[in-house]
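In the order they appear, the protein sequences are chains A and B. Quick note: the first sequence, position 212, residue 212 per the numbering used here, numbers continuous. Quick note: the second sequence, position 105, residue 105 per the numbering used here, numbers continuous.
2 protein chains.
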Amino acid sequence: MKLTYTGKTKDVFALDNGNYLLKFKDDVTGENGVFDPGANTVGLVMEGAGQAGLRLTKFFFEKLKEAGIPTHYIDANIDEATMTVKPATVFGKGLEVICRYRAVGSFLRRYGLYAQEGQPLDGFVEVTLKDDDRLDPPISKDALDMLGILSADEYETLKQLTKQISDVIKTELSLKGIELYDIKLEFGRVDKDKQIVLIDEISGGNMRAYKDGNYIEPLDLERMMVAGN
Amino acid sequence: MKLTYTGKTKDVFALDNGNYLLKFKDDVTGENGVFDPGANTVGLVMEGAGQAGLRLTKFFFEKLKEAGIPTHYIDANIDEATMTVKPATVFGKGLEVICRYRAVGSFLRRYGLYAQEGQPLDGFVEVTLKDDDRLDPPISKDALDMLGILSADEYETLKQLTKQISDVIKTELSLKGIELYDIKLEFGRVDKDKQIVLIDEISGGNMRAYKDGNYIEPLDLERMMVAGN
């Protein structure tokens, strides 16, 4: 087992059988000590955040498996805070795919001339480049295609999967009276046929969830969703 | 004749017959006294810039008319630095449509992780919102549709027209040994059938043009393109 990548919230190890092991850390993204799932910097350490993130990720990946939606997930070990996944290659140097149900965050900062804060957005999908130096710029279908990052057909697959996955998560949250405002997902190509599947994690750090108008912190979201698991 | 709008580089007057008169000013956009067609601020005044801009605009609008491409242009009076145009309504609070043949400017600032400076882009089209406060953010086809600014069908028309128009201009420049790097256009809806047509102007301030690797200033571009007219 060999450390191949150290991320902001996870370390990645290569396993001898070709799969990968993701080790969830207790760091969460944010700025000035305030959690912000959209931030590029690790803002604070929250004890147990790694295990909590994995618990929620396992919960959602297993729901997606039941729904027949392809992901890189194989299994998880909560005690070790590790998840085993299939090897995947990312698009270009990495993309984030955002699904929005309410206008908040960077969407509002960009399009505030046309959108009210909190306005419903009906599962609007957009793609941003993972590029800290350039503040993760949004990028269009045409630009992704032209720059050789993602073909037009792959974009449509990605958009469709994003809506399906986000709707599954939104529904699961709503069963606990929680509303999903937005979520960011990552995708990659797996296996010989380069199938596009969901990768990375799905935890509180990936989404903005609200209950009765109040934002739910990642650790609280995990407790509310998978208490006792 | 009534002043209805004071723009950064033009004033707009309503005519009694329902058309509009655009008065070209000698202000050009830029920052810190340096001309930048992508800037939101008026950086400097250049004597004769208004007439020069109009002369080039007239030249291009008449070329487009010959090519059967719809615009708001009716006629121009160079001495007065005025152009008469059909009434048009803009999309939302205004869009800019950019056609790029080389990777420079904001494209490179956003996508520099994937593009080299000056790399050919084959007429790549993107849309930005006219919103000084939010630095004219780029916006996708899906977002334009969702926010009610432009339907998906209108987007395709806009993109097609942008490529056609930009290709006409690129060809005209190339006849003088000048290379078009990028150009920004504006569109509106005219007449009862809301036909989408090119509006505003097409002058040096709208584009980046180069000769033998050197950037051509707007006033020089006008002289090179329509000398003696």
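C-beta: ideal position from N, C-alpha, C; glycine also.
Could you pull out every residue in the same chain whose Cβ sits closer than 8 angstroms to the Cβ of residue 188(B), ignoring the five residues on either side in sequence? 72, 88, 89, 90, 91, 196, 197 and 199
Applying a beta-carbon distance threshold of less than 8 angstroms, which residues of chain A neighbour residue 139(B)? 110 and 111
Expressed to the nearest angstrom, what Euclidean distance is found between the alpha-carbon atoms of residue 16(A) and residue 129(B)? 50 angstroms
With a 10 Å radius around its C-beta and 16 neighbouring C-beta atoms as the bar for buried, classify residue 133(B) as buried or exposed. exposed
What did DSSP end up calling residue 195(A) once you bin it into helix, strand or coil? strand
In whole angstroms, what is the alpha-carbon distance linking residue 55(A) and residue 33(A)? 24 angstroms
Using a Cβ-Cβ distance under 8 angstroms, would residue 114(B) count as near chain A? yes
DSSP puts residue 70(B) in a beta bridge; with which residues? In DSSP, residue 70(B) forms no bridge with anything.
Closest to residue 100(B) by C-alpha separation, out of 121(B), 112(B) and 140(B), would be which residue? 121(B)
Just list the beta strand (DSSP E) runs in the stretch 114-143 of chain B, keeping only unbroken ones of 3 residues or longer that don't cross its boundaries, in chain order. 120-129
Under 8 angstroms between C-beta atoms of residue 143(A) and residue 119(A): no
Kindly indicate if chain A contains any beta-carbon less than 8 angstroms away from that of residue 131(B). yes
Identify the residues that DSSP records as bridge partners of residue 208(B): which are they? 182(B)
Between residue 134(B) and chain A, is the shortest Cβ-Cβ distance under 8 angstroms, so that the two count as touching? yes
Quick check on this structure: which residue in 213(A), 20(A) and 145(A) has the alpha carbon closest to the alpha carbon of residue 190(A)? 20(A)
Residue 125(A) CB to nearest chain B CB: under 8 angstroms? yes
Comparing C-alpha positions only, which one of 2(B), 174(B), 1(B) and 47(B) sits nearest to residue 9(B)? 47(B)
Could you check whether the Cβ of residue 183(A) sits closer than 8 angstroms to any Cβ belonging to chain B? no
For residue 97(B), count neighbouring C-beta atoms within 10 Å of its own C-beta (all shown protein chains included) and say buried if the count is 16 or more, exposed if not. buried
Can you round the beta-carbon distance between residue 204(B) and residue 222(B) to whole angstroms, since I take them to be within the 8 angstroms contact cut? 6 angstroms
Relative to the alpha-carbon of residue 107(B), which residue among 139(A), 216(A) and 180(A) has its alpha-carbon at the smallest distance? 139(A)
With DSSP run on the structure shown, which of helix, strand or coil describes residue 150(B)? coil
With a Cβ-Cβ cutoff of 8 angstroms, do residue 154(A) and residue 53(A) count as a contact? no
Taking the DSSP output, what are the residues bridged to residue 20(A)? 14(A) and 85(A)
Residues bridged to residue 215(B) [DSSP beta-bridge criterion]: 210(B)
Verify whether the separation of the beta carbon atoms of residue 216(B) and residue 165(B) is less than 8 angstroms. no
Hey, is residue 93(A)'s beta-carbon within less than 8 angstroms of any beta-carbon in chain B? yes
Select from the stretch 146-167 of chain B all residues with a C-beta closer than 7 angstroms to any C-beta belonging to chain A, and list them in chain order. 146, 147 and 149
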